[in-house]
Amino acid sequence: MRCAFLHLLWTALVLALGSVGHAQIEITGMVMYKGKPLQDGYLYCDTTEAYTDSLGRFAITVDSLGSDLYVGLFGYESMVYTVSRSGHHVIDLPRRYGRRSRRMMVCGFCFTGDVRVTMGDGSCRAIDEVGPGDLVMALGGEVSTAVNVLRVDSAMHEDLIKLELVDGRGVICTADHPLPVVGKGLCAVRPSIAQQRMGVRPLLTGDRCLVLKDGGLEEVVVREVVPVPGARMTYNLTTEQGTYFANGILVSDERAVQRFARNGIVP
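In our numbering, the protein residues as written are 4 to 270.
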């Protein structure tokens, strides 16, 4: 009997321990800046996002203890806060946080050179082989249309991620590259640079991107975001319409971001 009881106890313990890493944790708290509550601030991690109310209060669910929260205000750099416990948290932003980021470089968001761009005739070409004057497919209303490439920028970047969709498509790009997301507008995995322009929201697993299929658009869910180590040469197109398709996924260029900043409409 005692052996049987110990066996059951051990089994229950193993099951409990095995589920710890998968249980999500809800935390609440307040974000402070210079001794005052931060109103309309944002918090996000890989899978969830939240905003502070007029008293700086928030509630958000994280995957596990040790998760990193990005905390800040649109138009400013975000601060990383590591969740070390459950319960109530008071997050105090450093005083230097009040300065706007100056990281507004040309070609701030880009793709690696092997990403395939859908051309105007339906063929695909590596982005590092596309030039000004080429015709590429872009979003025109609810369907794709051919538009001119106005400019091609390139830069070396280290802050790269691989965005993977549930249908197997994926792209390697800078973490701040904006993509149109169904129901949310323009989003990026870590949008601190893009936020300088207008307030691009965090792109989360479970969001729905738009992909090119049979000349039309189809919604496909984001499955995973994976960091890519090392520095690589990256490229970005500027098109007449502000969008193009990278590995079949609808993406935005700087013109689209500026247009969205002015009127809140994704092209």
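Backbone N, C-alpha and C define an ideal beta-carbon position, used for all residues, glycine too.
Contact belief for residue i with residue j at Cβ below 8 Å, rounded distance in angstroms
| i | j | result |
| --- | --- | --- |
| P181 | L153 | With 8 Å as the limit, P181 and L153 do not qualify as a contact, their Cβ atoms being about 18 Å apart. |
| I164 | V228 | 5 Å |
| V74 | G32 | 10 Å between Cβ atoms; not a contact. |
| A141 | Q42 | Wrong, their Cβ atoms sit about 38 Å apart, outside the cutoff. |
| L206 | T51 | That belief does not hold up - the Cβ atoms of L206 and T51 are roughly 12 Å apart, past 8 Å. |
| M35 | G116 | Wrong, their Cβ atoms sit about 44 Å apart, outside the cutoff. |
Three-state class that DSSP yields for residue i in the structure shown
| i | result |
| --- | --- |
| D131 | helix |
| D156 | strand |
| V34 | strand |
| A234 | coil |
| E243 | coil |
| F112 | coil |
| R211 | strand |
| P205 | strand |
| K187 | coil |
Spatial distance of residue i from residue j (CA atoms)
| i | j | result |
| --- | --- | --- |
| V133 | V225 | 27 Å |
| T246 | L253 | 7 Å |
| V139 | L213 | 16 Å |
| L3 | Y45 | Residue 3 lies beyond the range of the chain shown here (4 to 270); nothing can be said about it. |
| K37 | C113 | 36 Å |
| G69 | Y84 | 9 Å |
| D256 | M159 | 17 Å |
| M107 | S157 | With a pLDDT of 32 at M107, under the threshold of 50, the modelled position of this residue cannot be trusted; read the value that follows with caution. Distance between the alpha carbons of M107 and S157: 15 Å. |
| D179 | R128 | 23 Å |
| L189 | A149 | 21 Å |
| K216 | S126 | 13 Å |
| L72 | S87 | 11 Å |
Run of the beta strand (DSSP E) containing residue i, from where it starts to where it stops
| i | result |
| --- | --- |
| H180 | Premise fails: H180 is in no beta strand (DSSP E) and is neither H nor E. |
| L220 | 219 to 231 |
| P255 | Residue 255 is actually Ser in this sequence, not Pro. 252 to 255 is the span of the beta strand (DSSP E), which, as asked, contains S255. |
| A53 | 52 to 54 |
| R95 | Note that residue 95 corresponds to Asp in the displayed sequence, not to Arg. Element bounds for D95: 90 to 96. |
| R119 | 119 to 121 |
| L58 | Note, L58: premise wrong, no beta strand (DSSP E); not H, not E. |
In DSSP terms, what residue i is bridged to
| i | result |
| --- | --- |
| L68 | L68 is not bridged to any residue. |
| K216 | G219 |
| E167 | G173, E227 |
| V83 | Y73 |
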